[in-house]
Amino acid sequence: MFILLIWRSLQIKQCKAQLQEEINQRQKIEEKFKAIFDQTIQFIGLLDLEGKLLEVNKTALDCLKLKAKDVIGQPFWETPWWNYSSKYQDKLKVAIKEAKKGNIFRFETTHLTQNNQKIYLYFSIKPVKNEKGKIIFLIFETQDITNIKKVEEAFRNNQQELDAIFSILPDLFFKLEADSTIIDYRNSIESALYVTPEIFLKKPLVEILPDPVSKKVKNAINQVLELKTFISVEYSLPMPTGEEYYEARLVPYKRIR
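Each step along the sequence shown adds one to the number in the working numbering, with nothing skipped, and position 95 is 100.
Shown next as C-alpha cells:
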C-alpha cells in the first residue's frame, strides 16, 4: 500500500504539473491575442447573442476616450458609438438579428469622434460558432474609410467643376494616353465633334484625324513626351458646315497622357 500511495502521489504531481503547463500556455496565447486585439488599427469587439458588449479593443475605446468599464455589459446600440443616431441604432439591431441567424451583415456608417469630427466606417458583424456549430458569440469589426470617402468626395467635386466649366465653354477636351488613345472627352456642342464618340473612344487620335492633321498632332505629342510641357498646334478639319479652324493645346498629365 505504501508503494502504491507513493506512485499515486507522483501521478497527481505529474497531473498538476501538466495542468499548470497548459494554464501557462493558455495564458501566453491569451496575452498574445490581447496584444493583437488592442493594437490593431480597426475597431473590434465581441457581443453576446442579445447584443450586449462583452469585449472591445483599445482602438475603439480611444476613439471616444472611453473606459472599458463604462461600456462593457451594455446593449451595443446604446453605447456612445451608436446612441447619437436612431437611424444607425436601428440598422445595428437588424445586423445583430441577422448575425444571430448565422449571416454576415455589413454596412457603411458615420460616427463622431471626441473632437466632434465625422468619420466614415465600414461595419461588419458575423457569428462565432463552437466546435459543434452552435453560435455562441457575435464578433464585429469596423474599418475606418474616412480617407477613401474624402478622396471620393474630392473627385466628385472636381468632376462637377469640370462639368460646369465645359458646359459654358465651346471648346473640346480630350484625355489621351501617351500613344494618343482617347480615354475620355468633354464637349458642350455635339456637332463640334469631327466623328461620333462610338468611333473615336478607346482608339488612337492619330488614326481618326485626316493624314495631314494626324502628322501635326503626332509630332506635337512627341514633343510633349520629350519636353514635358504643353505644346500648341493649329489645324483645320472639313466639317458639315464647311472648313473649321482649330487651335489645340496638348498638356502633360500625371503619367504624361
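Glycine is no exception: its CB is placed at the ideal position from the N, C-alpha and C atoms.
Model, not experiment: these values are computed from the prediction.
Contact between the stretch 80-90 and the stretch 106-113 is absent: fewer than three C-beta pairs spanning the two stretches fall below 8 Å. Look at P209 here: in three-state DSSP terms it is strand.
Bounds of the alpha helix (DSSP H) holding K223 are D216 to L232. CA-CA distance, P245 to T201, rounds to 13 Å.
In terms of Cβ geometry, L210 and S185 form a close pair [threshold 8 Å]. In the DSSP assignment, S91 falls outside any beta strand (DSSP E) and lies within the alpha helix (DSSP H) extending over S91 to K105. When DSSP states are grouped into helix, strand and coil, D149 belongs to the strand group.
Less than 8 Å separates the beta-carbon of F48 from that of T147.
Pairwise C-beta distances place the stretch 144-164 in contact with the stretch 122-136, as three or more of them are shorter than 8 Å.
Listed in chain order, the non-local C-beta contacts of K70 below 6 Å within the same chain comprise Q119, local neighbours out to five positions each way being set aside. Secondary structure of D75 (DSSP, three-state): helix. In this structure, DSSP gives E60 an extended state, which the three-state scheme calls strand. Residue pairing of K137 in beta bridges, as defined by DSSP: absent, with no partner found. In the DSSP assignment, D189 falls within the beta strand (DSSP E) that extends over I187 to N192. For E248, the uninterrupted beta strand (DSSP E) segment begins and ends at G247 to L255.
If you look at I109, you'll find it isn't in any beta strand (DSSP E); DSSP assigns it neither H nor E.
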